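Visitor: Using UniProt numbering, you'd call the opening residue of the sequence shown number 21 and step up by one each time.
For glycine and all other residues, C-beta sits at the position ideal for the given N, C-alpha and C.
Being a predicted model, the structure only gives us computed values, none of them experimental.
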Amino acid sequence: EGLDAATQAAVARRARLLGPAYRLFYRHPVAVCRGEGTRLFDAEGREYLDAYNNVASVGHANPRVVEAVARQMGTLCTHTRYIQDGILDYAEQMLPTFGGRIAANGHMMFTCTGSEANDLAMRIARHRTGRNGIIVTAEAYHGNSHLTAGFSPSLGDASPLGTWVRRVPAPDSYRMDPDTLGQKMAEAVAEQAWELKRHGDGLAAFIADSLFSSDGIFATPGVLKPVAEAVHAAGGLFVADEVQSGFARSGDRFWGFQRHGIDPDIVTMGKPMGNGYPVAGIAVAPEVVESFGRDTRYFNTFGGNGVAMAAAQAVVDFMRDEDVQGNVARVGARIREGLTALAARHEAIGDIRGAGLYIGVEMVSDRAARTPDAALAARIVNDLRERRVLISATGPEANVLKIRPPLVFSDTDADWLLSEFSAVLAAL
Ligand code: PMP
Numbered sequence: 021e022g023l024d025a026a027t028q029a030a031v032a033r034r035a036r037l038l039g040p041a042y043r044l045f046y047r048h049p050v051a052v053c054r055g056e057g058t059r060l061f062d063a064e065g066r067e068y069l070d071a072y073n074n075v076a077s078v079g080h081a082n083p084r085v086v087e088a089v090a091r092q093m094g095t096l097c098t099h100t101r102y103i104q105d106g107i108l109d110y111a112e113q114m115l116p117t118f119g120g121r122i123a124a125n126g127h128m129m130f131t132c133t134g135s136e137a138n139d140l141a142m143r144i145a146r147h148r149t150g151r152n153g154i155i156v157t158a159e160a161y162h163g164n165s166h167l168t169a170g171f172s173p174s175l176g177d178a179s180p181l182g183t184w185v186r187r188v189p190a191p192d193s194y195r196m197d198p199d200t201l202g203q204k205m206a207e208a209v210a211e212q213a214w215e216l217k218r219h220g221d222g223l224a225a226f227i228a229d230s231l232f233s234s235d236g237i238f239a240t241p242g243v244l245k246p247v248a249e250a251v252h253a254a255g256g257l258f259v260a261d262e263v264q265s266g267f268a269r270s271g272d273r274f275w276g277f278q279r280h281g282i283d284p285d286i287v288t289m290g291k292p293m294g295n296g297y298p299v300a301g302i303a304v305a306p307e308v309v310e311s312f313g314r315d316t317r318y319f320n321t322f323g324g325n326g327v328a329m330a331a332a333q334a335v336v337d338f339m340r341d342e343d344v345q346g347n348v349a350r351v352g353a354r355i356r357e358g359l360t361a362l363a364a365r366h367e368a369i370g371d372i373r374g375a376g377l378y379i380g381v382e383m384v385s386d387r388a389a390r391t392p393d394a395a396l397a398a399r400i401v402n403d404l405r406e407r408r409v410l411i412s413a414t415g416p417e418a419n420v421l422k423i424r425p426p427l428v429f430s431d432t433d434a435d436w437l438l439s440e441f442s443a444v445l446a447a448l
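(1) Can you tell me the Cα-Cα spacing of A364 and T100, whole angstroms?
(2) Could you give the distance in angstroms between the alpha-carbon of A239 and the alpha-carbon of M205?
(3) Have a look at N295 and E357 and give me their C-alpha separation to the nearest angstrom.
(4) Is K245 closer than 7 Å to I286 when the C-beta atoms are compared?
(5) What is the rounded straight-line gap between the Cα of R84 and the Cα of M142?
(6) With distance defined between alpha-carbon atoms, name the residue in I237, V251 and A250 nearest to S265.
(7) Could you tell me the alpha carbon to alpha carbon distance between A76 and P292, rounded to whole angstroms?
(8) Quick one, are the C-beta atoms of Q113 and V327 less than 7 Å apart?
(9) So the candidates are I372, E215, P426 and G163; which of them puts its Cα closest to the Cα of Y194?
(10) So, with DSSP's three-state summary, where would you put E67?
(11) For the putative contact between L201 and A213, defined by C-beta atoms under 8 Å, what is the C-beta separation to the nearest angstrom?
(12) Less than 7 Å between the C-beta atoms of I411 and A71, yes or no?
(13) Starting from G323, trace the alpha helix (DSSP H) in both directions and tell me its first and last residue.
(14) So, using beta-carbon positions, are G176 and A225 closer together than 7 Å?
(15) Go through the stretch 184–267 residue by residue and report every complete run of the beta strand (DSSP E) that reaches 3 residues or more, in order.
(16) Of the choices G415, A398, R408 and R424, whose alpha-carbon is the least far from that of V448?
(17) Let's test the definition: count the other Cβ atoms within 10 Å of the Cβ of L377 and tell me whether it reaches 16, buried, or not, exposed.
(18) Contact check, A331 vs V78 under 8 Å by CB: the rounded distance?
(19) Does the distance from the C-beta atom of D147 to that of F312 stay below 7 Å?
(20) What span of residues does the alpha helix (DSSP H) with M60 cover, start to end?
(21) Please confirm whether any heavy atom of the ligand PMP lies closer than 6 Å to the CB of G134.
(22) Rounded to the nearest angstrom, what separates P392 and L445 at their Cα positions?
(23) With distance defined between alpha-carbon atoms, name the residue in D386, E406, E382 and L437 nearest to A413.
(24) Is H166 helix, strand or coil when you go by DSSP?
(25) What are the residues that DSSP puts in a beta bridge with Y297?
(26) What I want to know is whether the C-beta of V420 ends up closer than 6 Å to one or more non-hydrogen atoms of the ligand PMP.
(27) Taking contact to mean at least 3 C-beta pairs separated by less than 8 Å, is the stretch 343–361 in contact with the stretch 430–442?
(28) Short of 7 Å in beta carbon distance, which residues of its chain neighbour A300, apart from the five on each side in sequence? Order them along the chain.
(29) Taking the straight line between their C-alpha atoms, what separation do you get for residue 452 and A124?
(30) How far does the beta strand (DSSP E) with L421 in it extend, from its first residue to its last?
(31) Name the residue from A32, A30, S234 and G163 whose alpha carbon lies nearest to the alpha carbon of K422.
(32) Can you tell me whether DSSP reads R340 as helix, strand or coil?
Shown next as structure tokens:
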């Protein structure tokens, strides 16, 4: 209701052709046809500020990535059963960035999506440990394949979890004592590992998004350190899902797990890796993948193809040459400062958290009681959209505003976002 005829027709056409499982953002959906840097444009040329999309992390239509992809596509695009330098050069440069055992003599394997990366990580973990159990956080999302959907509780109660899945609460720094978050989480993991042993064959792996995106965005550093110790004590593997938190998103470290001071057994990555070209993968400690590699084999038709590697290489080259991580730290701090100033005037802002350019703003109806206000969060998201600023909301109660722009977000972009947010709050 309230939509113009053209939008109504487009929404109906989409539903007719794509069926009932797809969801659109916003009460008034946005039709887009072009992107550039931190901006999206509709068919009428109207400009939107993109404060949401992490895939285009070095900017929509980044010329360097576009050129690299086009050049490689015009040269050769084939699979990994031939010797090609691109994939080797990329792995050689990236492996040292993980530190620990992976940097020492680990390996990289390539997929097309984050789902496939997590799926592969779990197959390797199960092969290595000879067990099936997987522990995740309460509202985790790890993918859309049959295996990964089975350990993605955020898909909703009607989407079945595996009988081999156990959940632990996310490290909620707003409602729990920040000083004991890690210890509490480690205790919960130890308990669930024991449950898996009692009811099945035990723990294969613990997997978590290092910034807990779908759980509501929690960024207290160090929390996962005691968790990793508990996982290893139970004989399981620690899988760091860096699909959201990797590639400089947090500003202070290149990988999100590094904020926790841990040495993961497997790291999975995707989304921003190719700035929109589908490329994802895993980095793995050598002993973890040894028996898997011996007993079976891995092939992925498109994963790690020449064009995927050209895109991935262009992304990290751009990040290094343009000090993208430095920009993330600086602009992220600027946005959080601006939000903190707004919180002094608006009681409905209960908490501001996150790291770098992954920012959560928790909206509440009662600040003292910390009562989630999903309706208000939805209203703010939609009001911002009417002002052509794009964000979203997340968390178990969908009351946490999710601000996660391309990493090339500028000071001007940050000030634009803040002034529109201020105007929306003032108009409530
Ligand atoms: N892990 C996390 C933490 C994610 O956020 C996502 C995607 N939202 C995935 C895995 C799955 O990635 P993809 O959509 O590329 O399969």
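Guide: A quick look at the data gives this:
(1) As a first step, residue 364 is located in the sequence shown; it is residue number 344 there, counting from the start. As a first step, residue 100 is located in the sequence shown; it is residue number 80 there, counting from the start. Roughly 55 Å between the two C-alpha positions.
(2) On the sequence shown, position 219 is the one that residue 239 refers to. On the sequence shown, position 185 is the one that residue 205 refers to. If you take the alpha carbons of A239 and M205, they lie about 14 Å apart.
(3) Here residue 295 is taken as the residue at index 275 of the sequence shown, counted from 1. Here residue 357 is taken as the residue at index 337 of the sequence shown, counted from 1. Roughly 28 Å separates the two Cα atoms.
(4) Position 266 of the sequence shown, counted from the first residue, corresponds to residue 286. Position 225 of the sequence shown, counted from the first residue, corresponds to residue 245. No, the Cβ-Cβ distance between I286 and K245 is not below 7 Å.
(5) The residue you call residue 84 lines up with position 64 of the sequence shown. The residue you call residue 142 lines up with position 122 of the sequence shown. Cα to Cα, the separation comes out at about 34 Å.
(6) The residue given as residue 265 occupies position 245 in the sequence shown. In terms of CA proximity to S265, I237 leads the group I237, V251 and A250.
(7) Locating residue 76 in the sequence shown gives position 56, where the first residue counts as 1. Locating residue 292 in the sequence shown gives position 272, where the first residue counts as 1. C-alpha of A76 to C-alpha of P292: approximately 6 Å in a straight line.
(8) Counting from one through the sequence shown, the residue named residue 113 turns up at place 93. Counting from one through the sequence shown, the residue named residue 327 turns up at place 307. No. Outside cutoff.
(9) On the sequence shown, position 174 is the one that residue 194 refers to. By alpha-carbon distance to Y194, the top candidate from I372, E215, P426 and G163 is I372.
(10) Position 47 of the sequence shown, counted from the first residue, corresponds to residue 67. E67 sits in a strand when the DSSP states are folded into three classes.
(11) The residue given as residue 201 occupies position 181 in the sequence shown. The residue given as residue 213 occupies position 193 in the sequence shown. Actually they are not in contact, since the Cβ atoms of L201 and A213 sit about 19 Å apart, beyond 8 Å.
(12) Against the sequence shown, residue 411 aligns to sequence position 391. Against the sequence shown, residue 71 aligns to sequence position 51. Pairing I411 with A71 gives a Cβ-Cβ distance under 7 Å.
(13) As a first step, residue 323 is located in the sequence shown; it is residue number 303 there, counting from the start. Careful: G323 lies outside any alpha helix (DSSP H) and carries neither H nor E.
(14) Here the question's residue 176 lines up with position 156 in the sequence shown. Here the question's residue 225 lines up with position 205 in the sequence shown. No, these two residues do not count as a Cβ contact at 7 Å.
(15) Those beta strand (DSSP E) runs which fall completely within the stretch 184–267 and span 3+ residues are 185–188, 223–229 and 257–261.
(16) Translated into positions along the sequence shown, residue 448 becomes position 428. For the sequence presented, residue 448 should be read as Leu rather than Val. With distances taken between Cα atoms, L448 lies closest to A398.
(17) As a working note, residue 377 is residue 357 in the sequence shown. Counting Cβ neighbours within 10 Å, L377 comes out buried, since at least 16 surround it.
(18) Here residue 331 refers to the residue found at position 311 of the sequence shown. Here residue 78 refers to the residue found at position 58 of the sequence shown. With 8 Å as the limit, A331 and V78 do not qualify as a contact, their Cβ atoms being about 10 Å apart.
(19) Counting from 1 along the sequence shown, the entry for residue 147 is found at position 127. Counting from 1 along the sequence shown, the entry for residue 312 is found at position 292. According to the sequence displayed, residue 147 carries His and not Asp. Closer than 7 Å, so yes.
(20) The residue labelled residue 60 in the question sits at position 40 within the sequence shown. Rather than Met, the amino acid found at residue 60 in this sequence is Leu. Premise fails: L60 lies in the beta strand (DSSP E), R59 to F61, not in any alpha helix (DSSP H).
(21) Against the sequence shown, residue 134 aligns to sequence position 114. In terms of side-chain proximity, the C-beta atom of G134 is found nearer than 6 Å to a non-hydrogen atom of the ligand PMP.
(22) Translated into positions along the sequence shown, residue 392 becomes position 372. Translated into positions along the sequence shown, residue 445 becomes position 425. Straight-line measurement puts the Cα of L445 at about 17 Å from the Cα of P392.
(23) In the sequence shown, residue 413 corresponds to position 393, counting from 1. Cα-wise, what sits closest to A413 is E382.
(24) Locating residue 166 in the sequence shown gives position 146, counting from the first residue. For H166, the three-state secondary structure derived from DSSP is helix.
(25) For the purposes of this step, residue 297 is taken as the residue at position 277 of the sequence shown. Bridge partners of Y297 according to DSSP: N295.
(26) Here residue 420 corresponds to residue number 400 of the sequence shown, with the count starting at 1. Answer for V420: no, Cβ out of range of the ligand PMP.
(27) Counting Cβ pairs under 8 Å, three or more are found: they touch.
(28) Position 280 of the sequence shown, counted from the first residue, corresponds to residue 300. Close CB contacts of A300 within its chain, under the 7 Å cut and outside five residues either way in sequence, are with T131, C132, T133, G134, E136, A137, M289, G290 and M293 (chain order).
(29) Here the chain covers residues 21 to 448 and nothing more, so residue 452 does not appear.
(30) Reading the sequence shown from its first residue, position 401 is the one you call residue 421. That run of the beta strand (DSSP E) goes V420 to I423.
(31) Here residue 422 is taken as the residue at index 402 of the sequence shown, counted from 1. That would be S234, whose Cα lies nearest to the Cα of K422.
(32) Along the sequence shown, read from residue 1 onward, the residue named residue 340 stands at position 320. In the three-state reduction of the DSSP assignment, R340 falls in the helix class.
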